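Colleague: In our numbering, the protein residues as written are 29 to 411.
1) Can you name, in chain order, every residue of its own chain whose Cβ lies under 6 Å from the Cβ of residue 379, other than the five neighbours on each side?
2) Comparing C-alpha positions only, which one of 114, 158 and 284 sits nearest to residue 52?
3) Between residue 209 and residue 247, how many whole angstroms is the CB-CB distance? I'm expecting something under 8 Å.
4) What is the rounded straight-line gap between the Cα of residue 23 and the Cα of residue 188?
5) Spatial neighbours of residue 96 within its chain, please: C-beta separation below 6 Å, excluding the five flanking residues on both sides.
6) When DSSP labels each residue in this structure, what does residue 108 get in the three-state scheme?
7) Give me whichever residues DSSP pairs with residue 262 in a beta bridge.
8) Three-state secondary structure (DSSP) at residue 244?
9) Within the segment 287-351, note down every full beta strand (DSSP E) run reaching 3 residues or more, in order along the chain.
10) Please go through the same chain and pick out, in chain order, the residues whose beta-carbon is closer than 6 Å to the beta-carbon of residue 311, but skip the five residues on each side of it.
11) Excluding the five sequence neighbours on either side, which residues of its own chain have a C-beta within less than 6 Å of the C-beta of residue 43, listed in chain order?
12) At a Cβ threshold of 9 Å, is residue 305 touching chain D?
13) In terms of alpha-carbon separation, which member of 256, 207, 255 and 243 lies closest to residue 233?
14) Ends of the beta strand (DSSP E) at residue 404?
15) Residue 245: buried (16+ other C-beta within 10 angstroms of its C-beta) or exposed?
16) Which runs of the alpha helix (DSSP H) fall wholly inside the segment 115-160 and span at least 4 residues, in chain order?
17) Which same chain residues, not among the five before or five after residue 402, have their C-beta less than 6 Å away from its C-beta?
18) Can you tell me which of the three DSSP states residue 80 falls into?
19) Applying the criterion that 16 or more other CB atoms from any shown protein chain within 10 Å of the CB defines a buried residue, is residue 86 buried or exposed?
20) Residue 46 and residue 122 look like a contact to me (Cβ under 8 Å); what is the Cβ gap, rounded to whole Å?
21) In the DSSP assignment, what residue or residues form a beta bridge with residue 387?
22) Closest to residue 175 by C-alpha separation, out of 134, 265 and 143, would be which residue?
23) Tell me the rounded alpha-carbon separation between residue 141 and residue 200.
24) Just the C-alpha distance for residue 173 and residue 182, rounded to the nearest angstrom, thanks.
25) Contact check, residue 294 vs residue 405 under 8 Å by CB: the rounded distance?
26) Just curious, the alpha helix (DSSP H) that residue 256 is in, first and last residue?
27) Does the beta-carbon distance from residue 236 to residue 204 come in below 9 Å?
28) Could you check if residue 399 is buried or exposed, using at least 16 other CB atoms within 10 Å of its CB as the buried criterion?
29) Name the DSSP bridge partner or partners of residue 285?
30) On the DSSP bridge assignment, give the partners of residue 393 in chain order.
31) Identify the continuous alpha helix (DSSP H) that holds residue 201 and give its terminal residues.
32) Would you please state the rounded distance, in angstroms, between the beta carbons of residue 223 and residue 281? I believe it to be under 8 Å.
33) Going by beta carbon distance, what residues of the same chain come within less than 7 Å of residue 388, once the five residues before and after it are set aside?
34) Grouping DSSP H, G and I as helix and E and B as strand, with all else coil, what is residue 276?
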């Protein structure tokens with residue numbers, strides 16, 4: 029019963045109620061009908077007898093019966109037919125009532141389905157636009173009011189989070205840049221330091237550079253929604269430019285880069301470049317030596333489908349949804365080896381969502397991984 033929908037529960041309860049009522053009425057009618065038939069048969073006693081049976085009613089002439097003679101009518105089989113007919117009527121009424129209850133309950137539950145549909149459309153980027161009409165139906169007024177208040181609290185919390193992230197990243201940029209400059213200056217002025225000191229300085233420079241990259245990414249993520257998304261973008265030339273920028277890394281690791289397909293869309297050129305760059309860079313970094321990366325674009329009627337495939341070791345299924353979360357890493361040791369802060373794929377998800385698209389792991393195995401991005405060709409006019 030718990031697995032049934034609310035509409036089916038209402039329907040079954042209505043059928044049960046109507047069925048019990050019809051059975052009770054049927055029993056009462058049968059009892060009453062049989063009682064009065066027996067009463068009529070008992071009251072009509074006498075010499076004349078007319079048998080009414082299943083073969084049909086026997087005809088008789090009342091003129092042939094003397095005034096003082098008695099007439100007895102024996103009703104044969106009528107009680108059984110009376111009961112059977114009543115049960116047929118009960119079954120038909122119950123069935124028709126159940127069908128009617130199903131459609132009526134479906135119409136009555138239409139506001140609940142509409143409410144559910146609106147709830148399913150709630151995303152991080154549209155919290156402020158998903159308010160529900162509180163006067164649509166009186167039974168849902170309190171629920172709608174509570175839901176709208178929850179959306180408002182969530183929107184305020186995410187706005188505060190984005191503002192804090194942006195402010196923190198902005199404040200960290202200056203001291204980190206100063207630290208990096210001082211380390212480079214010190215290394216240039218003291219080239220003959222001891223090996224232990226040189227190794228320590230190298231480690232400081234690497235970690236400072238990592239912090240600068242993470243701060244820059246956080247600042248970009250906090251300012252994404254302020255970027256205009258009305259540029260005409262052709263993806264094939266952009267992908268070739270990304271391959272050129274990643275050539276030193278791919279040559280170092282022996283990874284081959286190939287591209288196929290083309291597409292045109294409207295959006296932010298800088299953000300789409302960053303989306304494809306991050307996906308391709310990850311595919312190169314976490315590939316096998318001598319492997320390959322293929323970037324393909326499929327143009328459809330109203331959207332683009334971008335796929336980035338590699339020949340790496342794959343992503344475990346349990347992590348395939350988590351990789352787009354900030355600071356998440358499947359293999360922390362390899363992430364430290366290649367640098368980064370675990371924000372690359374999170375930024376990809378943010379950019380795709382900002383353009384009205386989505387990103388997901390299409391397939392992954394020991395032979396490699398394919399990450400797909402679906403993007404609409406035209407951006408909504410709503411900011």
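We put the CB at the ideal spot given by N, CA and C, even for glycine.
Since the model is a prediction, treat every value here as computed from it, not as a measurement.
Modeller: Once the coordinates are examined:
1) The count along the chain shown starts at 1 and reaches residue 379 at position 351. So the list reads 299 and 303, once near-sequence residues are dropped.
2) By 1-based counting over the chain shown, the position of residue 52 is 24. Nearest option by C-alpha distance: 114.
3) Start at 1 with the first residue of the chain shown, and residue 209 comes out as number 181. Start at 1 with the first residue of the chain shown, and residue 247 comes out as number 219. Not a contact, Cβ separation roughly 19 Å.
4) As displayed, the chain neither begins before 29 nor continues past 411, which places residue 23 out of reach and without an answer.
5) Your numbering for residue 96 matches position 68 in the chain shown. Since pLDDT at residue 96 reaches only 49, below the 50 mark, its modelled position is unreliable, and the value read off the structure follows with that caveat. Excluding sequence neighbours, residue 96 sits near nothing in its chain.
6) In the chain shown, the residue the question calls residue 108 occupies position 80. If DSSP states are grouped into helix, strand and coil, residue 108 belongs with the helices.
7) As a working mapping, residue 262 is identified with position 234 in the chain shown. Partner(s): 292.
8) The count along the chain shown starts at 1 and reaches residue 244 at position 216. Of the three classes helix, strand and coil, the one that applies to residue 244 here is helix, per DSSP.
9) 292-295, 320-327 and 331-338
10) In the chain shown, residue 311 corresponds to position 283, counting from 1. Around residue 311: 321, 336 and 338.
11) Here the question's residue 43 lines up with position 15 in the chain shown. These residues qualify, in order along the chain: 126.
12) The displayed structure is made up of one protein chain only, and chain D is not part of it.
13) Taking the chain shown and counting its residues from 1, one reaches residue 233 at position 205. Checked all of 256, 207, 255 and 243; the closest Cα to residue 233 is 207.
14) Here residue 404 refers to the residue found at position 376 when the chain shown is read from its first residue. Run containing residue 404: 396-404, per the beta strand (DSSP E) assignment.
15) For this step, residue 245 is matched to residue 217 along the chain shown. Residue 245 is buried by the Cβ-count criterion.
16) 138-148
17) On the chain shown, residue 402 is found 374 positions in, with the first residue counted as 1. Around residue 402: 331, 333, 385 and 386.
18) Looking up residue 80 in the chain shown gives position 52. Note that residue 80 has pLDDT 48, beneath the 50 cutoff, so the model's placement of it is unreliable and the number below is only indicative. Correct three-state label for residue 80: strand.
19) Working through the chain shown from its first residue, we reach residue 86 at position 58. Here residue 86 scores only 49 on pLDDT, less than 50, and its place in the model should not be relied on; the value that follows carries that caveat. Result: exposed.
20) As a working note, residue 46 is residue 18 in the chain shown. As a working note, residue 122 is residue 94 in the chain shown. That pair is a contact at about 6 Å.
21) Counting from 1 along the chain shown, the entry for residue 387 is found at position 359. In the DSSP output, where bridge partners are listed per residue, residue 387 has 401.
22) By one-based count along the chain shown, residue 175 stands at place 147. Minimum Cα distance to residue 175 is reached at 143.
23) Within the chain shown, numbered from 1, the residue matching residue 141 stands at position 113. Within the chain shown, numbered from 1, the residue matching residue 200 stands at position 172. The straight-line gap from Cα to Cα measures roughly 48 Å.
24) On the chain shown, residue 173 is found 145 positions in, with the first residue counted as 1. On the chain shown, residue 182 is found 154 positions in, with the first residue counted as 1. Their Cα atoms are separated by approximately 14 Å.
25) Numbered from 1 along the chain shown, position 266 holds the residue referred to as residue 294. Numbered from 1 along the chain shown, position 377 holds the residue referred to as residue 405. That belief holds up - the Cβ atoms of residue 294 and residue 405 are roughly 7 Å apart, short of 8 Å.
26) Numbered from its first residue, the chain shown carries residue 256 at position 228. Note, residue 256: premise wrong, no alpha helix (DSSP H); not H, not E.
27) Mapped onto the chain shown, residue 236 falls at position 208. Mapped onto the chain shown, residue 204 falls at position 176. Going by C-beta atoms, residue 236 is nearer than 9 Å to residue 204.
28) By 1-based counting over the chain shown, the position of residue 399 is 371. Label assigned to residue 399: buried.
29) Within the chain shown, the letter at position 257 stands for residue 285. The partner list for residue 285 (beta bridge, DSSP) reads 321.
30) Here residue 393 refers to the residue found at position 365 when the chain shown is read from its first residue. Residue 393 is bridged to 396.
31) Position 173 of the chain shown holds residue 201. First-last of the alpha helix (DSSP H) with residue 201: 169-217.
32) Indexing the chain shown from 1 puts residue 223 at position 195. Indexing the chain shown from 1 puts residue 281 at position 253. In fact, because the Cβ distance is near 28 Å, the residues do not count as touching under 8 Å.
33) The residue given as residue 388 occupies position 360 in the chain shown. Only 400 meet the Cβ criterion.
34) By one-based count along the chain shown, residue 276 stands at place 248. If DSSP states are grouped into helix, strand and coil, residue 276 belongs with the helices.
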